[in-house]
Amino acid sequence: MKAIFPGSFDPITNGHLELIARAKAFVDDLVIAILHNPDKAGFLPIMQRKELIEQACLERGLDGITVVQDSGLLVDLAKANGCRLIIRGVRNTADLDSESAMAHANALLLPGLETIFLPAHGNHAAISSSLIRQIATLKGDTSHFVPPCVQVVLENIYNKQDRK
């Protein structure tokens, strides 16, 4: 079976990677879809996010993964990639409420497309990309929250800003 795991991944976190690894236990192929959210200002360029996801998955030994990007409807991307299943991570009840509404809309737009929710485990439940960006902006240590390749990028960005 082939599934799609959508998100902005701006940047990818250890929480995302934990969900990717768990999702791969259920499916043969996983499409990680970097979706442009018009309600969110992008931090990292899309192509850099794609490269970081690919590198982080490689470092974790995660195979059978394809990374794509799109600015259209998730259901159209799922259909184009032959995915019948959407994987979504939920950190709390607010996430679940929001994701449930989206799952219902997606099922109406593309009958037969199912959504599975994976709850975040342990320390990952509090991690969000926006929190990571805030910690990095304030020169905090993000190494517990992101893969090493992302840590290097964040350090480079914020060290360059110090030199300006």
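First residue of the sequence shown: 1050, per this note's numbering; consecutive thereafter. In this text, a Cβ means the ideal position worked out from N, Cα and C, and glycines have one as well.
Taking the alpha-carbon positions, what's the residue i to residue j distance?
i, j, result
"Thr1062", "Leu1093", "13 angstroms"
"Ala1082", "Leu1123", "8 angstroms"
"Lys1217", "Gly1161", "Beyond the ends of the chain as shown, which are 1050 and 1213, falls residue 1217; an answer cannot be given."
"Lys1073", "Ile1053", "11 angstroms"
"Pro1055", "Leu1068", "11 angstroms"
"His1173", "Thr1142", "15 angstroms"
"Ser1267", "Gly1171", "Outside the displayed range of the chain (1050 to 1213) lies residue 1267, so it cannot be described from this structure."
"Ser1147", "Leu1157", "16 angstroms"
"Asp1144", "Pro1060", "18 angstroms"
Under a three-way DSSP split, which group does residue i fall into?
i, result
"Pro1055", "strand"
"Arg1182", "helix"
"Gly1171", "helix"
"Leu1159", "coil"
"Val1195", "coil"
"Leu1203", "helix"
"Gly1064", "helix"
"Leu1126", "helix"
"Leu1145", "helix"
Assuming residue i and residue j make a contact with CB atoms under 8 angstroms, what is their CB distance in whole Å?
i, j, result
"Lys1051", "Asp1088", "Actually they are not in contact, since the Cβ atoms of Lys1051 and Asp1088 sit about 28 angstroms apart, beyond 8 angstroms."
"Phe1058", "His1065", "6 angstroms"
"Ala1070", "Leu1111", "6 angstroms"
So does residue i have its beta carbon nearer than 8 angstroms to some heavy atom of the ligand GDP?
i, result
"Gln1183", "This structure does not include the ligand GDP; it has no bound ligands of any sort."
Counting only runs of 3+ residues fully inside the segment 1070–1123, write out the beta strand (DSSP E) ranges in chain order. DSSP runs (the beta strand (DSSP E)) wholly in the segment 1070–1123: 1078–1084 and 1114–1119.
Examine the Cβ distances between the segment 1087–1103 and the segment 1131–1144 and report whether three or more of them are shorter than 8 angstroms. Output reads no: the segment 1131–1144 does not touch the segment 1087–1103.
Examine the Cβ distances between the segment 1160–1170 and the segment 1180–1199 and report whether three or more of them are shorter than 8 angstroms. No, the segment 1160–1170 does not touch the segment 1180–1199.
Between the segment 1107–1126 and the segment 1066–1084, do three or more beta carbon pairs fall short of 8 angstroms? Yes, since at least three Cβ pairs between the segment 1107–1126 and the segment 1066–1084 fall closer than 8 angstroms, the two stretches touch.
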